Each structure stands twice: as C-alpha cells, then as structure tokens.
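Peer 1:
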Amino acid sequence: MNEAFEKIDIEKKNRIINSAFEEFSKYGFDKASTNNIVKNANISKGLLFHYFNNKKNLFEYLEEFSVEIILKEIEDNFDWNETDILERIKQAAVIKIKITERYPHIFSFCTLILENKTREEMLNMNQGKAIELISQIYNFDVDYTRFKEGIDIKRAMTIIKWTFEKYGEECVKSFAQIDKDIDYDAMLEEIDGYIEVLRAAFYK
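Here the sequence shown is numbered in UniProt numbering, starting from 1 and rising by one per residue.
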C-alpha cells in the first residue's frame, strides 16, 4: 500500500478514494479524468500526483484497497459458525451495505475489475482471495439437512445464489446514484422478504 497516502487525514483520504472510485466506475480506466477526480475530492492535482505518480498507480492502489476492505470486513464480521445458508447471505448483505455506506462506488469499481481481468489474473492478485472467500460463504460447512426431502439441493443453491446476485446488482446501481438517498433499512427488509420466500420454498 501507499505509506504516505495512508498517513493523511482519514476524511481527505476517503474523499480522494470515493472520487476516484466514482470516476473509474463511470468512465473506465482510459476515459477517467484525474481533473474530475481532484475537482470532486476538492484537492489540487499536484497533491494527487504527490501520492500517486500517475493514473495507473492510483487505479492499482484502488484495486488493492477495495479487496483489502472487503476481505477485512468479512474476516472481522462474518460468523462462520452459522450453517444456515440463508442467514449467511443476510450476513454478507449487511457487510456489503456497511461497506457501501463508506464507499458508495466500491462495488461498481469491483465489477469493472472483474469485467477486465481473466480468472487467472484475478487469482494471481488479492482479488483471488476475495473470490475464494466469497465462494466459501456458499460452500463451507453449509447445513443441507435444512432442505426439504426431494429438493434438488444443487439447483436450489443455484436459485438462491442467482436471486441474491441479481438483487446485489440492483443494489450496486442504487449505490452508484449519489444523488439518490439510499434506504438501507428498506434494503434489509427486502432481503428478509426474499429469505422468507426461499425458506418457505426449500426448507423443512
């Protein structure tokens, strides 16, 4: 990580990070403007390039930073003793919401990374750790005895995963609209609603 940048005031640091997340998420690496980043972060261009020599260095920092934030939040807050896959998904959703409260464009930025790197490239970077950790949420020590007899568990798990991946995509779109107030409590209520439907459909 960038040691000099890590030492600056947290409020200024987050302004720069959020401005850069937004710019790269909207325009991609090639079309992203450092002029827009410094304007929205309310800093000078000289200060930005004091911490990052060029746009590529800034982008690479954000790649590393985004993964570290996600990994840390999961490692610090996820209860792996919970074996109910639906409750696990709710935990993951709460963690995601907490992250986006601080960094509204972080998951849009992560989507950009995923779209532009091969799986091999991802696994050779810290992103690979995040992918594997998220995979464990769906696979590690899940209690399949909760499912009704006769249910095709593999297909049920696929439906559960698809449901929350699609809902997650919609949430990311909402998070990216900074002029739109995000009702996090309403999101959690909606997640609870989906969980109850899936619980009734698949559980004993």
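All C-beta atoms, glycine included, are put in the ideal place defined by N, C-alpha and C. Fair warning: this is a prediction, and the values are worked out from it, not measured in the lab.
Could you tell me the distance, in whole angstroms, from the CA atom of residue 135 to the CA atom of residue 40?
Peer 2: Reading the sequence shown from its first residue, position 135 is the one you call residue 135. Reading the sequence shown from its first residue, position 40 is the one you call residue 40. Near 35 Å, if we compare the C-alpha coordinates of residue 40 and residue 135.
Peer 1: Taking all protein chains shown into account, decide if residue 14 is buried (16 or more other Cβ within 10 angstroms of its Cβ) or exposed.
Peer 2: By one-based count along the sequence shown, residue 14 stands at place 14. Label assigned to residue 14: exposed.
Peer 1: Below 8 Å on the Cβ atoms is my contact criterion, and I expect residue 146 with residue 84 to pass it. Report the Cβ-Cβ distance as a whole number of Å.
Peer 2: As a position in the sequence shown, residue 146 is number 146, starting the count at 1. As a position in the sequence shown, residue 84 is number 84, starting the count at 1. Yes, they are in contact, since the Cβ atoms of residue 146 and residue 84 sit about 6 Å apart, within 8 Å.
Peer 1: Just checking my contact of residue 165 with residue 113 at CB under 8 Å: how many whole Å lie between their CB atoms?
Peer 2: Working through the sequence shown from its first residue, we reach residue 165 at position 165. Working through the sequence shown from its first residue, we reach residue 113 at position 113. The Cβ separation is near 17 Å, so there is no contact.
Peer 1: Sort 174, 48, 68 and 92 by Cα distance to residue 129 and report the nearest one.
Peer 2: Working through the sequence shown from its first residue, we reach residue 129 at position 129. The candidate whose alpha carbon is nearest that of residue 129 is 68.
Peer 1: Taking residue 28 as part of the alpha helix (DSSP H), name the residues at either end of that continuous run.
Peer 2: For this step, residue 28 is matched to residue 28 along the sequence shown. Taken as a continuous stretch (DSSP letters only), the alpha helix (DSSP H) holding residue 28 covers 10-31.
Peer 1: Among residues of its own chain, excluding the 5 on either side of residue 71, which ones have a beta-carbon nearer than 7 Å to its beta-carbon?
Peer 2: Sequence index remark: in the sequence shown, residue 71 carries index 71 (1-based). Taken in chain order, the residues that qualify are 129, 130 and 133.
Peer 1: When the Cα atoms are used, what is the spatial distance from residue 160 to residue 89?
Peer 2: Stepping through the sequence shown from its first residue, residue 160 is reached at position 160. Stepping through the sequence shown from its first residue, residue 89 is reached at position 89. Their Cα atoms are separated by approximately 9 Å.
Peer 1: Just the C-alpha distance for residue 244 and residue 111, rounded to the nearest angstrom, thanks.
Peer 2: Within the shown structure, residues of the chain are numbered from 1 to 204, placing residue 244 beyond reach of any answer.
Peer 1: In angstroms with no decimal places, state the Cα-to-Cα distance between residue 22 and residue 96.
Peer 2: Here residue 22 refers to the residue found at position 22 when the sequence shown is read from its first residue. Here residue 96 refers to the residue found at position 96 when the sequence shown is read from its first residue. For residue 22 and residue 96, the distance between alpha carbons rounds to 17 Å.
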